[in-house]
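Numbering-wise (this note's numbering), the sequence shown opens with residue 3 and increments by one. To start, the structure itself, in structure tokens.
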Amino acid sequence: MEQKPPPHVMVFPLPLQGPLNAMLKLAELLCIGGIQITFLVTDHIHRHFNIQTHPAFLIRTISDGLPENHPREGGKYLEMFESLRTNTRPLFKELLLQSGAGGGSPISCVIADGVLGFTFDVANEVGIPIFDVRTLSAACLWLFYSLPKLITSRELPFIGDDLDEMVKSVPGMGRYLRRRDLPSFCRSGDLDDPSIRFYQTETIENPRACGLILNTFEELEAPILAEMHNVCPNIYAVGPLHAHLKAKLAAFPNSLWEEDRSCLTWLDSQPLKSVLYLSFGSLATLSRYQLMEFWHGLVNSGQRFLWVIRPDSVDWEGRIPVELSQGAAAKEKGYIVGWAPQVEVLAHPAVGGFLTHSGWNSTLESVYEGVPMICWPYFLDQQINSRLVGEEWKLGFDMKDTCDRNVIEETVRNLMQVRKEEFLRRADEMAKSAKASLSEGGSSYSHLDRLIQDIKTKSAQVGKFE
Ligand code: UDX
Numbered sequence: 003m004e005q006k007p008p009p010h011v012m013v014f015p016l017p018l019q020g021p022l023n024a025m026l027k028l029a030e031l032l033c034i035g036g037i038q039i040t041f042l043v044t045d046h047i048h049r050h051f052n053i054q055t056h057p058a059f060l061i062r063t064i065s066d067g068l069p070e071n072h073p074r075e076g077g078k079y080l081e082m083f084e085s086l087r088t089n090t091r092p093l094f095k096e097l098l099l100q101s102g103a104g105g106g107s108p109i110s111c112v113i114a115d116g117v118l119g120f121t122f123d124v125a126n127e128v129g130i131p132i133f134d135v136r137t138l139s140a141a142c143l144w145l146f147y148s149l150p151k152l153i154t155s156r157e158l159p160f161i162g163d164d165l166d167e168m169v170k171s172v173p174g175m176g177r178y179l180r181r182r183d184l185p186s187f188c189r190s191g192d193l194d195d196p197s198i199r200f201y202q203t204e205t206i207e208n209p210r211a212c213g214l215i216l217n218t219f220e221e222l223e224a225p226i227l228a229e230m231h232n233v234c235p236n237i238y239a240v241g242p243l244h245a246h247l248k249a250k251l252a253a254f255p256n257s258l259w260e261e262d263r264s265c266l267t268w269l270d271s272q273p274l275k276s277v278l279y280l281s282f283g284s285l286a287t288l289s290r291y292q293l294m295e296f297w298h299g300l301v302n303s304g305q306r307f308l309w310v311i312r313p314d315s316v317d318w319e320g321r322i323p324v325e326l327s328q329g330a331a332a333k334e335k336g337y338i339v340g341w342a343p344q345v346e347v348l349a350h351p352a353v354g355g356f357l358t359h360s361g362w363n364s365t366l367e368s369v370y371e372g373v374p375m376i377c378w379p380y381f382l383d384q385q386i387n388s389r390l391v392g393e394e395w396k397l398g399f400d401m402k403d404t405c406d407r408n409v410i411e412e413t414v415r416n417l418m419q420v421r422k423e424e425f426l427r428r429a430d431e432m433a434k435s436a437k438a439s440l441s442e443g444g445s446s447y448s449h450l451d452r453l454i455q456d457i458k459t460k461s462a463q464v465g466k467f468e
């Protein structure tokens, strides 16, 4: 009898560090589950990323249609999406149609970031099943789904400027959602704002896929996931992906910046749970004023700290502040690096708190390691992630919309000293539940099994696959 090849999935991530990391981990998990993977990245990502993956991976590249010197972030990120939609779409279709032509097995299934709405159309046109992935919190995705409701109920655009006013028309969030916790683009006051239009349109496409894969776990976002089932009946909550992969196999680090591992040696010499770790992820930028407020707040708190300051994250205005360049008062208590091995840092016994921009990966990594947080969100989903941390999960403080050295000093003291035991206890409970979700029979473990099975079934329907 003819031996049938395994299902062959093309994975197409969003070309940004956070989403790319999460998708790599998902792809590696599927590989372990017996699925052949072709991982599709833009030429730009391929040039800047050192992707070391599972030996079974095939990496293919595709143009994003932009010149190399285009920033692809900040105020220009919508230009990247537009270019992907218009320039990359025909290339993507060609890739799918040509797959298998030069030997090897053809693509039997696509897994794409759900924000790349054009991939649904292309997959449908060529008759290949597609699953979509969103790498943000379920909570943020639920807010995107709720944008039309917010508009018809006249909660958007805001009337008046009170950001503490409660938002009532998002099912499941009425107890804690304020205007300031909505994605940052909701503050523009203009329904024609390109971001509002973009997220509304692209999210509506999601239920067209065979299923929605999320980097979360049921126990963490149960009330939101219950609401989302009304719109997307088939959800696979398989996170936290970084730990899920680690549970099955050693993870492969991938990063745009080189990790400075000397901070781990420094942590080794610090007392248990004494260090506050600070990082604002891979996209956020700080003004010189904000940087100095954090610096003084930290130093005045007297707390030990490990701080990631990405070389491109601060507008130095031509010179590095003398306080930082000399290390001054913090020499003993503080350590600064350009990029850290974050997952290892959060798992280190000396780390007792995390001052974060509330990116979804960072949030999940902190939850998994049982590290309480101070949240200082930068944009988009980070506004709601930080609210969940502070109000829904009680894992720390939400310090959004303020950058004042006195507030920072007091909040750091509160997290690391005054209410330390309470937050550590709560974080420990949450970490245990995250770990349980990944063990055999746990929620994420079972969702992944079901996903692999469904990919196999759908692939078999396409044709000559196992
Ligand atoms: C963001 C967020 O995912 C999302 O909230 C937002 O909408 C768009 O993209 P990013 O700023 O990169 O991405 O944050 P995050 O999701 O937290 O990812 C950062 C990743 O970089 C984490 O996996 C973290 O472990 C890693 N990291 C960060 C390091 O490895 N070293 C560092 O020094 C800092």
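Quick reminder that beta carbons are idealized off the backbone N, C-alpha and C, glycines included.
1. Leaving aside the five residues before and after residue 207 along the sequence, list all residues of the same chain whose C-beta is less than 6 Å from its C-beta, in chain order.
2. Would the stretch 421-436 and the stretch 393-402 be scored as touching if the rule is three or more Cβ pairs under 8 Å?
3. Which residues does DSSP pair with residue 76 in a beta bridge?
4. Beta-carbon within less than 6 Å of residue 249's beta-carbon, same chain only, minus the 5 sequence neighbours each way: which residues are those?
5. Below 7 Å, is the gap between the Cβ of residue 93 and the nearest heavy atom of the ligand UDX?
6. Write down the C-beta distance between residue 174 and residue 229 rounded to the nearest angstrom, noting that I regard them as a contact closer than 8 Å.
7. How would you write the range of the beta strand (DSSP E) that residue 281 sits in, first residue to last?
8. Just the Cα atoms here: how many angstroms apart are residue 68 and residue 75?
9. Using a Cβ-Cβ cutoff of less than 7 Å, which residues in the same chain neighbour residue 461 once the five nearest sequence positions on both sides are dropped?
10. Measuring alpha carbon to alpha carbon, tell me which residue in 381, 344, 7 is nearest residue 105.
11. First and last residue of the beta strand (DSSP E) that includes residue 10?
12. Is residue 20 near the ligand UDX, going by C-beta to nearest heavy atom under 7 Å?
13. According to the Cβ coordinates, are residue 102 and residue 108 closer than 8 Å?
14. Between the Cα of residue 182 and those of 214, 12, 38, 160, spot the shortest distance and give me the residue it belongs to.
15. Taking 8 Å as the cut-off, does the stretch 302-310 touch the stretch 258-274 (at least 3 CB pairs, one atom from each stretch)?
16. Can you tell me whether residue 1 is helix, strand or coil according to DSSP?
17. Since residue 454 and residue 37 are thought to touch, with beta carbons under 8 Å apart, how far apart are those beta carbons, to the nearest angstrom?
18. Taking just the CA atoms, how far does residue 97 sit from residue 285?
19. Compute the Euclidean distance between the alpha carbons of residue 150 and residue 302, then round it to the nearest angstrom.
20. Just to confirm the assignment, what range does the beta strand (DSSP E) spanning residue 40 have?
21. Three or more C-beta pairs closer than 8 Å, one from the stretch 230-246 and one from the stretch 271-281: is that the case here?
22. Where DSSP assigns a beta bridge to residue 310, which residues make up the other side?
23. Could you spell out where the beta strand (DSSP E) holding residue 398 opens and where it closes?
24. Considering only heavy atoms of the ligand UDX, does any lie closer than 7 Å to the CB of residue 131?
25. Taking the C-alpha atoms as reference points, what is the distance between residue 81 and residue 414?
26. Does the Cβ of residue 343 lie closer than 7 Å to at least one heavy atom of the ligand UDX?
27. For a minimum of 3 consecutive residues, which ranges assigned as the beta strand (DSSP E) are wholly contained in the stretch 369-428?
28. For residue 363 and residue 139, which I take to be in contact (beta-carbon distance under 8 Å), what is that distance rounded to the nearest angstrom?
29. Return yes when the C-beta of residue 28 is under 7 Å from any heavy atom of the ligand UDX, and no when it is not.
30. Where in the stretch 440-466 do unbroken runs of the alpha helix (DSSP H), each at least 4 residues long, occur, reported from the N-terminal end onward?
31. Just to confirm, are residue 361 and residue 283 a CB contact at a threshold of 8 Å?
32. So is residue 78 buried or exposed if we call it buried at 16+ other beta carbons inside 10 Å?
33. Which residues does DSSP pair with residue 132 in a beta bridge?
34. Just checking residue 286 against the ligand UDX - is the residue's beta carbon closer than 7 Å to any of the ligand's heavy atoms?
35. With a threshold of 7 Å, establish whether the CB of residue 268 neighbours any heavy atom of the ligand UDX.
36. Cα-Cα, which of 290, 47, 12 is closest to residue 39?
The short version:
1. 119, 122
2. Because the criterion of three Cβ pairs below 8 Å is met, the stretch 421-436 and the stretch 393-402 touch.
3. In DSSP, residue 76 forms no bridge with anything.
4. The answer, listed in chain order, is 440.
5. No, the Cβ of residue 93 stays beyond 7 Å of every heavy atom of the ligand UDX.
6. 4 Å
7. For residue 281, the uninterrupted beta strand (DSSP E) run begins and ends at 277-281, by DSSP.
8. 12 Å
9. 9, 110, 111, 467
10. 7
11. 10-14
12. In this structure, the ligand UDX has a non-hydrogen atom nearer than 7 Å to the beta-carbon of residue 20.
13. Taking 8 Å as the cut-off, the Cβ atoms of residue 102 and residue 108 count as close.
14. 160
15. yes
16. This structure cannot speak to residue 1, because the chain is shown only from 3 to 468.
17. 7 Å
18. 30 Å
19. 45 Å
20. 38-44
21. The stretch 230-246 vs the stretch 271-281: no contact.
22. 339
23. For residue 398, the uninterrupted beta strand (DSSP E) segment begins and ends at 398-400.
24. no
25. 38 Å
26. yes
27. With a minimum length of 3 residues, the continuous beta strand (DSSP E) runs that stay inside the stretch 369-428 are 375-377, 398-400.
28. In fact, because the Cβ distance is near 10 Å, the residues do not count as touching under 8 Å.
29. no
30. 445-464
31. yes
32. exposed
33. 112
34. yes
35. No; taking the cut-off as 7 Å, the Cβ of residue 268 has no heavy atom of the ligand UDX nearer than that.
36. 12
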